[in-house]
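Asks: Chains as they are written, first to last, in the numbering used here: chain A, 1 to 111; chain B, 1 to 116. A virtual CB, placed ideally from N, CA and C, is assigned to each residue, including glycine.
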Amino acid sequence: AQKVTQAQTEISVVEKEDVTLDCVYETRDTTYYLFWYKQPPSGELVFLIRRNSFDEQNEISGRYSWNFQKSTSSFNFTITASQVVDSAVYFCALGDDKIIFGKGTRLHILP
Amino acid sequence: GEEVAQTPKHLVRGEGQKAKLYCAPIKGHSYVFWYQQVLKNEFKFLISFQNENVFDETGMPKERFSAKCLPNSPCSLEIQATKLEDSAVYFCASSQSLGRGPQPQHFGDGTRLSIL
Numbered sequence: 001a002q003k004v005t006q007a008q009t010e011i012s013v014v015e016k017e018d019v020t021l022d023c024v025y026e027t028r029d030t031t032y033y034l035f036w037y038k039q040p041p042s043g044e045l046v047f048l049i050r051r052n053s054f055d056e057q058n059e060i061s062g063r064y065s066w067n068f069q070k071s072t073s074s075f076n077f078t079i080t081a082s083q084v085v086d087s088a089v090y091f092c093a094l095g096d097d098k099i100i101f102g103k104g105t106r107l108h109i110l111p
Numbered sequence: 001g002e003e004v005a006q007t008p009k010h011l012v013r014g015e016g017q018k019a020k021l022y023c024a025p026i027k028g029h030s031y032v033f034w035y036q037q038v039l040k041n042e043f044k045f046l047i048s049f050q051n052e053n054v055f056d057e058t059g060m061p062k063e064r065f066s067a068k069c070l071p072n073s074p075c076s077l078e079i080q081a082t083k084l085e086d087s088a089v090y091f092c093a094s095s096q097s098l099g100r101g102p103q104p105q106h107f108g109d110g111t112r113l114s115i116l
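Below you can see the structure in the form of structure tokens.
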């Protein structure tokens, strides 16, 4: 069975601090995709990244970076120099033809 | 269109009434997915379509829930005889193709269904 675990239910950090959101997944598939989505208070789902299981290169996009480690089945997300606008619920997800979401981490960035 | 369009944004129904939600996928996208997000943030996959054909319905409740994607019409998700537990945000997503793997699923803004 496929499963995504986001152990951190809620995190609060002060603005400008770095913060890492953890994600651990389980799958028997050899080919799969990993995703991160952001859900701000307004409720929409914002796509952040998709990573193929064969591509373990870390990725950086501005203040966002992702660390994919197949050996530990983890796909962690780091926000550098956090800003208040980063406050949201962040979902890690595993997918192929359908997406399995983790339960989300609610991130509070305090001014 | 360039976005997944879901209507209505909010829907309020009394318990036992019918609820119908609509989704227009991005033009050119062959796959449509429905997800249910309940209050504690948990997402549940309901059903997916490849064009007008059901692709995967393993998450669909056996009773009361039905869905369609007909040519030249928005896709729809219908709930008969609604219950309080059906209160949730229902998200629709579309993908261009599965091919070697899913394109990033583009999500609509969701329909918030409130059952009173």
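Tell me which residues of the region 43-59 of chain A have at least one Cβ-Cβ distance to chain B shorter than 8 angstroms, keeping chain order.
Replies: Residues passing the 8 angstroms Cβ filter: Gly43, Glu44, Leu45, Phe47, Arg50, Asn52.
Asks: If you draw a straight line from the alpha carbon of Leu34 (chain A) to that of Phe101 (chain A), how long is it in whole angstroms?
Replies: 10 angstroms
Asks: In terms of DSSP beta bridges, what is Thr78 (chain A) paired with?
Replies: According to DSSP, Thr78 (chain A) bridges with A:Thr20, A:Ser65.
Asks: Quick one: does Gln96 (chain B) have its CB under 8 angstroms from some CB of chain A?
Replies: no
Asks: Where DSSP assigns a beta bridge to Pro10 (chain B), which residues make up the other side?
Replies: Per the sequence presented here, residue 10 (chain B) reads as His, with Pro not at that position. B:Arg112, per the DSSP bridge assignment.
Asks: If the cut is a Cβ gap below 8 angstroms, which residues of chain B does Val89 (chain A) touch?
Replies: Chain B residues near Val89 (chain A): Asn41.
Asks: Taking the DSSP output, what are the residues bridged to Arg64 (chain B)?
Replies: Per DSSP, none; premise fails for Arg64 (chain B).
Asks: Going by beta carbon distance, what residues of the same chain come within less than 7 angstroms of Ser76 (chain B), once the five residues before and after it are set aside?
Replies: Lys20, Leu21, Tyr22, Ala67, Lys68
Asks: Taking the continuous beta strand (DSSP E) assigned at Ala88 (chain A), which residues delimit it?
Replies: 88-95
Asks: In whole angstroms, what separates the C-alpha of Glu78 (chain B) from that of Pro111 (chain A)?
Replies: 43 angstroms
Asks: From the beta carbon of Lys70 (chain A), is the nearest beta carbon of chain B less than 8 angstroms away?
Replies: no
Asks: Locate the beta strand (DSSP E) running through Asp56 (chain B), then write down its first and last residues.
Replies: 53-56
Asks: Could you tell me which residues DSSP puts in a beta bridge with Cys92 (chain B)?
Replies: B:Trp34
Asks: Considering only residues of the same chain and omitting the five flanking positions on each side of Ile99 (chain A), which have a CB-CB separation below 7 angstroms?
Replies: Phe35, Ala93
Asks: Just to confirm, is the Cβ distance from Phe47 (chain A) to Tyr32 (chain A) under 8 angstroms?
Replies: no
Asks: I'd like the list of long-range same chain contacts for Ala81 (chain A), defined as Cβ closer than 6 angstroms, with 5 residues on each side in sequence excluded.
Replies: Lys16, Arg63
Asks: Counting only beta-carbon separations shorter than 8 angstroms, does Lys16 (chain A) have a partner in chain B?
Replies: When Cβ-Cβ separations below 8 angstroms define contact, Lys16 (chain A) makes no contact with chain B.
Asks: Could you list which residues in chain A have their beta carbon closer than 8 angstroms to that of Pro104 (chain B), in chain order?
Replies: Phe35, Phe47, Arg50
Asks: Can you tell me whether Asp18 (chain A) sits near the ligand FMN, meaning its C-beta is under 7 angstroms from at least one heavy atom of the ligand?
Replies: Although the ligand FMN was asked about, the structure shown includes no ligands whatsoever.
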